[in-house]
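> Handing you a structure now.
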Amino acid sequence: MPRIGSEGEGPEVPEDGGDGGGGEGVQLQQAGAAGRDSAAKSHSSPALISPHIMVFPKLVPRSTLFFLCDVQTKFRPAIYGYEHVVATSNKMIKLAKLLGIEVVCTTQNTKALGPNDPAIDLPSLGPLLVGNCDKTLFSMLTPEVQTILDARPALNSIVIFGIETVLSVLASGKYTPHVVADGVSSCNSFEIPIALDRMRADGAVIGTSESIAFQLMSDAASPSFKSFSKFIKDDKESTKVVGEALLQGRISPSSSKDVEVASGGVVLGIKSAM
Numbered sequence: 001m002p003r004i005g006s007e008g009e010g011p012e013v014p015e016d017g018g019d020g021g022g023g024e025g026v027q028l029q030q031a032g033a034a035g036r037d038s039a040a041k042s043h044s045s046p047a048l049i050s051p052h053i054m055v056f057p058k059l060v061p062r063s064t065l066f067f068l069c070d071v072q073t074k075f076r077p078a079i080y081g082y083e084h085v086v087a088t089s090n091k092m093i094k095l096a097k098l099l100g101i102e103v104v105c106t107t108q109n110t111k112a113l114g115p116n117d118p119a120i121d122l123p124s125l126g127p128l129l130v131g132n133c134d135k136t137l138f139s140m141l142t143p144e145v146q147t148i149l150d151a152r153p154a155l156n157s158i159v160i161f162g163i164e165t166v167l168s169v170l171a172s173g174k175y176t177p178h179v180v181a182d183g184v185s186s187c188n189s190f191e192i193p194i195a196l197d198r199m200r201a202d203g204a205v206i207g208t209s210e211s212i213a214f215q216l217m218s219d220a221a222s223p224s225f226k227s228f229s230k231f232i233k234d235d236k237e238s239t240k241v242v243g244e245a246l247l248q249g250r251i252s253p254s255s256s257k258d259v260e261v262a263s264g265g266v267v268l269g270i271k272s273a274m
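Counting along the sequence shown from 1, when you hit position 85 you're at 85 in full-length UniProt numbering, and nothing is skipped either side.
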């Protein structure tokens, strides 16, 4: 299984601005200052500064877009831990509002599969919801979404969560995709690490909702840090439960209905992984 950025109950968030050990991050420490400076000057593909170390652009709210992919009620019986994906989706929406990050949402063929799950608080995003796109492609990179991307030349990072998160967005080479490991799933739990491993091999950065949140926050001197600290603390227990369910296979009996596999269920990442 992929490592969860914060094991156990997760980090405490000190009011004095420490990061509390929040998440595994992208682990750029070994890259050195020269590599980081090189990556910071470029919005293109990650820089290779050694045979084994890739330097990715820093996650910054103004150059980051969130992608919420196809979380529709119709998929509930087919997706392992579906309710946990919904919980993390709402967590990421709260983070988007806190840091002013724009969100693109997609649905898969609403005529047949219905709308987004109403439990996801999309209306609260207001103008930050810059796209709500229906599609039939098994990819988020539709012409409508491409237009949204093209209108944001400063964009270099895309944070992806949801269902049926395939990797077509990697093909452009311009954006670094960050996959929220505790915000995606498959119809079977054993397929999750396989898909995440393939995504990592194809160039995606795999992180947890909490590690990504701390990277985007970046500075305890920010005026929004106090609200951010409360956000992390309020979601602490939920983050632990979701991470254990989706990344360690610990589904509680009350969630057993979400583990059922329906014929024709969609699979996260398997189109790119298999």
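Note that beta-carbon positions come from the ideal geometry of N, C-alpha and C, so glycine has one too.
Pairing CB atoms from the stretch 137 to 153 with CB atoms from the stretch 114 to 126, are three or more of them under 8 Å?
no
> Whole angstroms is fine: what's the gap from residue 239's alpha carbon to residue 210's?
8 Å
> With DSSP as the reference, identify every bridge partner of residue 177, one or two as the case may be.
158
> Three-state secondary structure (DSSP) at residue 253?
Note that residue 253 has pLDDT 44, beneath the 50 cutoff, so the model's placement of it is unreliable and the number below is only indicative. Helix, per DSSP.
> Per DSSP, residue 107 is paired with what?
134
> Taking the alpha-carbon positions, what's the residue 32 to residue 57 distance?
At residue 32 the pLDDT is 32, less than 50, meaning the model places this residue with poor confidence; the figure from the coordinates comes in the next sentence. The straight-line gap from Cα to Cα measures roughly 14 Å.
> Determine, using beta-carbon pairs with one atom in the stretch 129 to 146 and one in the stretch 82 to 90, whether at least three such pairs fall under 8 Å.
no
> Okay, do the stretch 107 to 118 and the stretch 55 to 74 touch, 3+ Cβ pairs below 8 Å being the bar?
yes
> Rounded to whole angstroms, what's the CA-CA distance from residue 227 to residue 142? Just pull it up for me.
Straight-line Cα distance between these residues: approximately 35 Å.
> According to the Cβ coordinates, are residue 196 and residue 101 closer than 9 Å?
Contact check for residue 196 against residue 101 fails: the beta carbons are separated by 9 Å or more.
> Within 10 Å of its beta-carbon, does residue 182 have 16 or more other beta-carbons around it, so buried, or fewer, so exposed?
buried
> First and last residue of the beta strand (DSSP E) that includes residue 66?
Counting along the chain, the beta strand (DSSP E) containing residue 66 begins and ends at 64 to 69.
> Tell me whether the beta-carbon of residue 192 lies closer than 9 Å to the beta-carbon of residue 155.
no
> On the DSSP letters alone, give me the boundaries of the beta strand (DSSP E) that residue 207 sits inside.
205 to 207
> May I ask you to list the residues that DSSP assigns as paired with residue 116?
72
> Roughly how many whole angstroms lie between the Cα atoms of residue 109 and residue 221?
44 Å
> Nearest-angstrom Cα distance between residue 131 and residue 125?
11 Å
> One question on the structure: do residue 106 and residue 65 come within less than 9 Å of each other, judged by their Cβ atoms?
no
> Grab me the residues of residue 18's own chain with a C-beta within less than 6 Å of its C-beta, minus the 5 sequence neighbours each way, in chain order.
Low confidence applies to residue 18: its pLDDT is 48, below 50, so where it sits in the model is not reliable enough to give any reading.
> Alpha carbon to alpha carbon, how far is residue 202 from residue 194?
12 Å
> Measuring alpha carbon to alpha carbon, tell me which of 241, 162 and 174 ends up nearest residue 186.
When only C-alpha atoms are compared, the closest one is 162.
> Pick from 152, 199, 236 and 160: whose alpha carbon is nearest that of residue 96?
For the residues 152, 199, 236 and 160, the minimum Cα distance to residue 96 belongs to 160.
> In the DSSP output, what is residue 283 paired with across the bridge?
In the structure displayed, the chain extends from 1 to 274; residue 283 sits before or after that span and is not available.
> Contact check, residue 190 vs residue 98 under 8 Å by CB: the rounded distance?
The C-beta distance from residue 190 to residue 98 rounds to 34 Å, too long to meet the 8 Å contact threshold.
> Measuring alpha carbon to alpha carbon, tell me which of 153, 127, 103 and 242 ends up nearest residue 140.
103
> Would you tell me roughly how many angstroms separate the C-alpha atoms of residue 261 and residue 249, rounded to the nearest one?
For residue 261, the pLDDT reaches just 28, beneath the cut-off of 50, and the residue's location in the model is therefore unreliable, leaving the point undetermined.
> Looking at C-alpha atoms only, which residue of 61, 180 and 158 is the closest neighbour of residue 86?
Answer by Cα proximity: 180.
> Which partner residues of residue 184 appear in the DSSP bridge assignment?
162
> Between the C-alpha atoms of residue 62 and residue 77, what's the straight-line distance to the nearest angstrom?
36 Å
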